[in-house]
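Yeah, the sequence shown ends on 407 if you go by UniProt numbering, and it's all consecutive. Backbone N, C-alpha and C define an ideal beta-carbon position, used for all residues, glycine too. Structure first, commentary second.
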Amino acid sequence: MKHAWILAGLLIAGCASQSVPLEPASGESCPVCPVCPEPEKKPEPPVSQSAPAAPAFREAAWSELPDWSRDKLDEAWPGLLASCRAIRQAEVKAAWAATCEAAKTLGDKPASAQVRAFLEERLQPLQIQNADGSQEGLITGYYEPLIQGSRWKSAKNPVPVHALPDDLLQLDLGEVYPETKSLRLRGRIEGRKVVPYWSRAQIEAAGEAFPAKVLLWAHDPVEFFFLQVQGSGQVQLADGSRVRIAYADQNGHPYKSIGRWLIDRGELTLAQASAQGIQKWARENPQRLSELLNANPSYVFFREEAANGEGPKGSLGVPLTGGRAIAVDTRTVPLGAPVFLSFAMPDGKPVRRLMLAQDTGGAIRGRVRADFFWGFGAEAGAQAGKMRQQGKMWLLWPKGAALPMAQ
């Protein structure tokens with residue numbers, strides 16, 4: 001998610017998602033490390049004003065990509081074809097046109113060795129660098145959760161799942177104020193003024209007077225909060241059927257970590273502030289639940305989709321494949337591009353594989369920065385919840401094509 005000029009629309013780090021647990025798929029669609037405490041920030045080191053920023057990309061050799069020859073590249077091929085069909089940005093589409101056309105000759109299920117030969121022939125690996133020239137950055141994880149709910153409000157299912165509000169304005173001032181071009185501006189009209197949109201606390205206080213359709217009613221407010229942080233999820237109804245609720249928009253307020261809120265007040269330690277730790281605290285302190293959740297003014301709205309067995313759609317508009325899709329900062333990495341990612345899980349197990357940049361997220365800001373989509377369900381959530389790792393990224397770009405312009 002992007003932030004606004006009057007309001008900032010971030011979801012936290014990692015995730016788009018959400019121990020340190022997971023703010024979009026991606027949904028920025030918006031997923032991220034949303035429940036987790038905000039990091040003791042390690043922002044990109046500042047660059048001296050007297051020294052120019054390092055270039056975003058450094059030409060690399062295929063041999064520099066760890067375990068490149070061992071990756072099961074056939075698993076990433078469907079995602080690459082989907083990216084080819086979905087790329088919309090004119091400059092990116094032009095750069096990839098010849099490669100995407102040639103990719104059709106390999107069909108839908110080429111062997112891993114065929115994919116490797118094709119990519120090495122047509123693409124150039126470019127290591128992504130931070131402005132200070134360093135080559136490591138934050139890699140977090142997100143996933144698609146499953147929660148319980150109903151079509152009708154009841155004592156068992158009291159939490160509204162709101163569709164896009166009727167009065168939410170999307171403001172585009174980029175032509176007049178270029179500095180706002182990359183920002184997502186949200187507001188509402190009050191008299192003759194455009195003012196910040198309602199915060200989470202204001203939305204909750206409005207109750208049924210809030211001007212938005214209720215799609216469904218969720219069972220657990222904390223689980224629904226975590227789903228909002230992830231950006232999308234599935235809801236299981238009483239008859240056993242499932243529906244997907246996908247990210248539609250956000251209220252424009254900045255994401256504030258409830259894990260950090262609990263830590264700052266001495267309620268939990270950093271080690272305790274996982275998704276499980278926060279849920280335990282919420283069960284033990286029901287009288288303070290609203291205070292906890294309203295500490296995060298950000299609020300996500302949804303649209304309903306069929307749960308068709310595919311992953312949720314990311315910002316590129318294609319279903320995300322667990323373990324092969326990432327959310328990126330599009331100021332450096334164009335949506336649709338393949339990226340080779342290298343990091344180690346907390347237990348030391350290396351993750352080195354080809355990913356597709358198919359999503360964005362409010363907390364995904366920086367050159368060497370990615371949010372790793374693990375897929376659907378509790379197991380994916382457990383993997384995503386562990387992540388807050390340092391890693392490296394290589395953009396794979398068509399040989400001879402103009403490089404993307406990092407902003």
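C-alpha distance - Pro-37 paired with Gln-170, whole-angstrom precision: Taking the sequence shown and counting its residues from 1, one reaches residue 37 at position 37. Taking the sequence shown and counting its residues from 1, one reaches residue 170 at position 170. Summary for Pro-37: the model assigns pLDDT 43, below 50, so the residue's position carries little reliability; its value from the coordinates is reported in the next sentence. Going from the Cα of Pro-37 to the Cα of Gln-170 covers about 29 Å.
From the DSSP secondary-structure annotation, give me the bridge partner or partners of Tyr-142. Sequence index remark: in the sequence shown, residue 142 carries index 142 (1-based). Answer is Phe-373.
When you compare only the Cα positions, how much space is there between Val-300 and Lys-349? Here residue 300 corresponds to residue number 300 of the sequence shown, with the count starting at 1. Here residue 349 corresponds to residue number 349 of the sequence shown, with the count starting at 1. If I take the Cα positions, the gap works out to 34 Å.
Below 8 Å between beta carbons: does that hold for Arg-331 and Leu-138? Reading the sequence shown from its first residue, position 331 is the one you call residue 331. Reading the sequence shown from its first residue, position 138 is the one you call residue 138. In this structure, Leu-138 does not lie closer than 8 Å to Arg-331 by Cβ.
If you run the structure through DSSP and keep just helix, strand and coil, what is Glu-120? Within the sequence shown, numbered from 1, the residue matching residue 120 stands at position 120. Note: Glu-120 maps to helix in three-state DSSP.
Is it right to say Lys-392 is buried, meaning 16 or more other beta carbons lie within 10 angstroms of its own, or is it exposed? In the sequence shown, the residue the question calls residue 392 occupies position 392. It is buried - the Cβ of Lys-392 has at least 16 other Cβ atoms within 10 Å.
C-alpha gap between Ala-271 and Val-176, whole angstroms: By 1-based counting over the sequence shown, the position of residue 271 is 271. By 1-based counting over the sequence shown, the position of residue 176 is 176. Their backbone Cα atoms lie some 47 Å apart in a straight line.
Residue environment, Pro-125, which counts as buried when at least 16 other CB atoms sit within 10 Å: Taking the sequence shown and counting its residues from 1, the one referred to as residue 125 is at position 125. Classification for Pro-125: buried.
Report the residue from Glu-144, Leu-185, Arg-324 whose alpha carbon sits nearest the alpha carbon of Asp-249. Within the sequence shown, the letter at position 249 stands for residue 249. Nearest of Glu-144, Leu-185, Arg-324 to Asp-249, Cα basis: Leu-185.
Over the uninterrupted beta strand (DSSP E) stretch that includes Gln-389, give me the two end residues. Here residue 389 refers to the residue found at position 389 when the sequence shown is read from its first residue. Taken as a continuous stretch (DSSP letters only), the beta strand (DSSP E) holding Gln-389 covers 389 to 398.
What does DSSP give as the partner residue(s) for His-162 in the beta ladder? Here residue 162 refers to the residue found at position 162 when the sequence shown is read from its first residue. Partner(s): Val-214.
Quick check: the Cα distance between Val-35 and Ile-147, rounded to an integer number of angstroms? Looking up residue 35 in the sequence shown gives position 35. Looking up residue 147 in the sequence shown gives position 147. Residue placement at Val-35 is flagged as unreliable, the pLDDT there being 43, under the threshold of 50; a coordinate-derived value is accordingly withheld.
Name the one or two DSSP bridge partners that Arg-242 has. Numbered from its first residue, the sequence shown carries residue 242 at position 242. Answer by DSSP bridge pairing, in chain order: Gln-236.
Should the segment 249 to 258 be regarded as contacting the segment 283 to 300, the criterion being three or more beta carbon pairs within less than 8 Å? yes
By how many angstroms is the C-alpha of Ser-342 removed from the C-alpha of residue 409? In this structure the chain extends from 1 to 407, so residue 409 is not present and cannot be described.
Presumed contact (8 Å Cβ cut-off) between Trp-77 and Pro-110, rounded CB distance: Your numbering for residue 77 matches position 77 in the sequence shown. Your numbering for residue 110 matches position 110 in the sequence shown. The Cβ separation is near 6 Å, so the contact holds.
If the criterion is Cβ atoms closer than 8 Å, does the pair Arg-324 and Gly-79 meet it? In the sequence shown, counting from the first residue as 1, residue 324 sits at position 324. In the sequence shown, counting from the first residue as 1, residue 79 sits at position 79. Cβ atoms of Arg-324 and Gly-79: closer than 8 Å.
I'd like the list of long-range same chain contacts for Gly-377, defined as Cβ closer than 7 Å, with 5 residues on each side in sequence excluded. Translated into the one-based positions of the sequence shown, residue 377 becomes position 377. Correct list, in chain order: Leu-146.
Below 6 Å CB to CB, which residues in the same chain sit around Glu-223 once its five sequence neighbours on both sides are set aside? Working through the sequence shown from its first residue, we reach residue 223 at position 223. Contacts found: Ile-147.
Quick check on Gly-385: does DSSP put it in helix, strand or coil? Reading the sequence shown from its first residue, position 385 is the one you call residue 385. Of the three classes helix, strand and coil, the one that applies to Gly-385 here is helix, per DSSP.
Limits of the unbroken alpha helix (DSSP H) element including Arg-283: Counted from its first residue, the sequence shown places residue 283 at position 283. Here the alpha helix (DSSP H) through Arg-283 covers 275 to 284.
Given Lys-213 as reference, the closest of Gly-381, Thr-140, His-162, Glu-305 once Cα atoms are compared: For this step, residue 213 is matched to residue 213 along the sequence shown. It is His-162 whose Cα lies nearest to the Cα of Lys-213.
Where do the ends of the alpha helix (DSSP H) carrying Leu-168 lie? What you label residue 168 is simply residue 168 of the sequence shown in a count that begins at 1. Looking at the DSSP string, Leu-168 is not in any alpha helix (DSSP H), and its letter there is neither H nor E.
Between the beta-carbon of Lys-181 and the beta-carbon of Gly-174, is there less than 8 Å? As a working note, residue 181 is residue 181 in the sequence shown. As a working note, residue 174 is residue 174 in the sequence shown. For Lys-181 and Gly-174, yes; Cβs fall inside 8 Å.
For Ala-54, which option in Gln-129, Gly-266, Ala-95 has the closest C-alpha, if you only look at C-alpha atoms? Sequence index remark: in the sequence shown, residue 54 carries index 54 (1-based). For Ala-54, the nearest C-alpha among the options comes from Gln-129.
For Gly-107 and Pro-165, the rounded distance between their alpha carbons: Here residue 165 is taken as the residue at index 165 of the sequence shown, counted from 1. Here residue 107 is taken as the residue at index 107 of the sequence shown, counted from 1. Straight-line Cα distance between these residues: approximately 43 Å.
Counting beta carbon pairs with one atom in the segment 188 to 205 and one in the segment 276 to 294, are three or more of them shorter than 8 Å? yes
Rounded to a whole number of angstroms, what is the C-alpha to C-alpha distance between Glu-64 and Arg-265? Position 64 of the sequence shown, counted from the start, is the residue given in the question as residue 64. Position 265 of the sequence shown, counted from the start, is the residue given in the question as residue 265. So the two alpha carbons sit approximately 45 Å from each other.
What does a CB cutoff of less than 6 Å around Ala-282 pick up in its chain, not counting 5 residues either side in sequence? The residue given as residue 282 occupies position 282 in the sequence shown. Taken in chain order, the residues that qualify are Val-222, Leu-289.
Between the C-alpha atoms of Ile-245 and Val-229, what's the straight-line distance to the nearest angstrom? Working through the sequence shown from its first residue, we reach residue 245 at position 245. Working through the sequence shown from its first residue, we reach residue 229 at position 229. If I take the Cα positions, the gap works out to 13 Å.
Pro-338 to Gln-135 span [Cα, whole Å]: Start at 1 with the first residue of the sequence shown, and residue 338 comes out as number 338. Start at 1 with the first residue of the sequence shown, and residue 135 comes out as number 135. Cα-Cα distance, rounded: 18 Å.
I need the DSSP call for Cys-33, collapsed to helix, strand or coil. On the sequence shown, residue 33 is found 33 positions in, with the first residue counted as 1. Reliability of the predicted coordinates at Cys-33 is poor, the pLDDT of 39 falling under 50, and the value obtained from them is presented with this limitation in mind. Looking at Cys-33 - three-state DSSP - the assignment turns out to be coil, as it is neither helix nor strand.
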